[in-house]
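The structure appears right after this line, and notes come after that.
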Amino acid sequence: MPDDLLSPDEISALLSGGDVSDGNVDDLSEEDSARLDDVAKIFADSEQSVIGMLAGKNVNVSVGNSEIMNQEEFASRFVEPPFLFSSTFGGFEDRLVALVVEQHGALTLANMMMGGGAEIPEPNDLFWGAAQEGLNQIISAAFTGLSNKMKGKRLSPENSGAALGEDDWRVFSVEPVETKLWLSPVNIAIEGFKPFDIWTVLPLDTARDLSYLIRDILEGKDDKTAASSSSPASSGSSGGGFGAGSSAASSGAKPASFPSFVGGGGGNSSPTPIDIIADIPVRVTVELGKSRKSVSEILALSSGAVIELDKVAGEPVDILVNGKVIAHGEVVVIEENFGVRITDLNGAA
Numbered sequence: 003m004p005d006d007l008l009s010p011d012e013i014s015a016l017l018s019g020g021d022v023s024d025g026n027v028d029d030l031s032e033e034d035s036a037r038l039d040d041v042a043k044i045f046a047d048s049e050q051s052v053i054g055m056l057a058g059k060n061v062n063v064s065v066g067n068s069e070i071m072n073q074e075e076f077a078s079r080f081v082e083p084p085f086l087f088s089s090t091f092g093g094f095e096d097r098l099v100a101l102v103v104e105q106h107g108a109l110t111l112a113n114m115m116m117g118g119g120a121e122i123p124e125p126n127d128l129f130w131g132a133a134q135e136g137l138n139q140i141i142s143a144a145f146t147g148l149s150n151k152m153k154g155k156r157l158s159p160e161n162s163g164a165a166l167g168e169d170d171w172r173v174f175s176v177e178p179v180e181t182k183l184w185l186s187p188v189n190i191a192i193e194g195f196k197p198f199d200i201w202t203v204l205p206l207d208t209a210r211d212l213s214y215l216i217r218d219i220l221e222g223k224d225d226k227t228a229a230s231s232s233s234p235a236s237s238g239s240s241g242g243g244f245g246a247g248s249s250a251a252s253s254g255a256k257p258a259s260f261p262s263f264v265g266g267g268g269g270n271s272s273p274t275p276i277d278i279i280a281d282i283p284v285r286v287t288v289e290l291g292k293s294r295k296s297v298s299e300i301l302a303l304s305s306g307a308v309i310e311l312d313k314v315a316g317e318p319v320d321i322l323v324n325g326k327v328i329a330h331g332e333v334v335v336i337e338e339n340f341g342v343r344i345t346d347l348n349g350a351a
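In this text, residue positions in the sequence shown follow the working numbering: the first is 3, and each later residue adds one.
Now the structure itself:
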């Protein structure tokens, strides 16, 4: 096919009133929107899976309608600055992608990472670091889903970083405030927790080119064709976002920043997921057994009374970390203290 012929997506853009001559098409074609809806569903499924695993409960997700707006417009929607997680697409020209989470949502996620419940304590650096690791797990799962959709094309999150937005924050500090964004909101509802929203955010050029890449791979074209069929004005948006340490654009807005838990990207110097939360203290308890009593029976207790437990003598005791059983063991005496010898972990001898 001659190079000067328009692609089906460009024809659709023209029919919808856009202009492909300069690449500044604010709207996406129906085909692009449908493919990006699939991308949004992959991210939502990853959020449901990862958060459900952390919470130990069913998680209901509701994918909202995707929108296009510039960085300034998006930031104006928030009463308080959100928690921001950015990464680049390893395997897709290092394009930018971000997850934007309401503060209470990020703290809820952090509390789950640390084995806590629905009551959120005052945040600190450890909590924000745990929130970053939770979002890193989500985006890693999403990239795996995208890779599966694109017939095994290698995709991996790189140059990842996280920050709590400042008063004049924007998602991608290396991009001007007027940069158009593609946004996909997902509402997360967990029993016993306050619902919160997570937005998947891509620069509009990146979203459009990702749609082209998916199209070309599914149609059996070589990966290199995807780059040549992208919109003419695609800038690539390469390099890191706020997490990559780049300076803000000439608009004067400050990049989002946060204390030293904000990590760099790929390479051997990057902390592993366990490194990020390795120093977080947890409560280890040993449970000998349980018993159920009525209020009247409790009131009748006196010194010398014996409460019979539900465990048989000699039966392994439960070892809990932050209220969750992680092992079983037997009681031993170490000098003048009681101890417990682990006999199996997670039920495996």
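Every residue, glycine too, gets a C-beta built ideally from N, C-alpha and C.
- Cβ contact annotation for Ser-186 (same chain, cutoff 6 Å, sequence separation greater than five): Ala-42, Ser-68 and Thr-202, in chain order.
- Judged by pairs of C-beta atoms under 8 Å, the stretch 146–161 does not touch the stretch 112–130, as fewer than three such pairs exist.
- Excluding sequence positions up to five before and after Phe-129, its CB lies within less than 7 Å of the CB of Leu-109 and Ala-112, all in the same chain and listed in chain order.
- Apart from sequence neighbours up to five positions away, the residues of its chain that approach Leu-206 with a beta-carbon distance below 7 Å are Ile-70, Lys-182, Leu-183 and Trp-184, ordered along the chain.
- Check the Cα spacing between Lys-295 and each of Leu-303, Val-81 and Ile-192: the tightest is with Leu-303.
- When Cβ pairs closer than 8 Å are counted between the two stretches, the stretch 158–176 is seen to touch the stretch 74–83, the count reaching three or more.
- Ranked by Cα distance from Val-288, the first of Ile-300, Val-334, Asp-320 and Glu-310 is Asp-320.
- For Phe-76, no beta strand (DSSP E) encloses it; the enclosing alpha helix (DSSP H) starts and ends at 73–77.
- Exposed is the label assigned to Val-323, since fewer than 16 other Cβ atoms lie within 10 Å of its Cβ.
- Going by beta carbons, Phe-198 and Val-333 fall outside the 8 Å limit.
- Scanning the stretch 71–143 for uninterrupted alpha helix (DSSP H) segments of 4 residues or longer gives 73–77 and 105–115, listed from N- to C-terminal end.
- Inside the stretch 154–193, DSSP marks whole beta strand (DSSP E) runs of 3 or more residues at positions 158–166 and 182–192, from first to last along the chain.
- In the structure shown, Phe-340 adopts extended strand secondary structure according to DSSP, grouped into three states.
- If you draw a straight line from the Cα of Gly-93 to the Cα of Ala-329, it comes to about 40 Å.
- DSSP, reduced to helix, strand and coil, places Lys-326 within a strand of the structure shown.
- Rounded to the nearest angstrom, the gap between the Cα atoms of Arg-37 and Asp-47 is 16 Å.
- Taking the Cα positions, Arg-156 is about 12 Å away from Ile-219.
- With distances taken between CA atoms, Leu-137 lies nearest to Ile-200 out of Gly-341, Ile-200, Val-176 and Ser-78.
- Per DSSP, Phe-198 is one residue of the beta strand (DSSP E) stretching across 198–205.
- Per DSSP, Ser-64 lies in no alpha helix (DSSP H); the unbroken beta strand (DSSP E) holding it starts and ends at 61–65.
- For Val-314, no alpha helix (DSSP H) segment is defined, and its DSSP state is neither H nor E.
- By the criterion of a C-beta distance shorter than 7 Å, Ala-209 is surrounded in its chain by Leu-38 and Trp-184, once the five residues flanking it on both sides are discounted.
- For Glu-289, the uninterrupted beta strand (DSSP E) run begins and ends at 286–289, by DSSP.
- DSSP lists Val-319 and Ile-344 as the bridge partner or partners of Gly-331.
- Judged by DSSP secondary structure, Gly-306 falls outside any alpha helix (DSSP H); it is assigned neither H nor E.
- Pairing His-106 with Lys-223 gives a Cβ-Cβ distance that is not under 8 Å.
- Annotation for Ala-132: Ala-112, Met-115, Met-116 and Ile-279 place their beta carbon closer than 6 Å to its own, counting only its chain and skipping 5 residues before and after.
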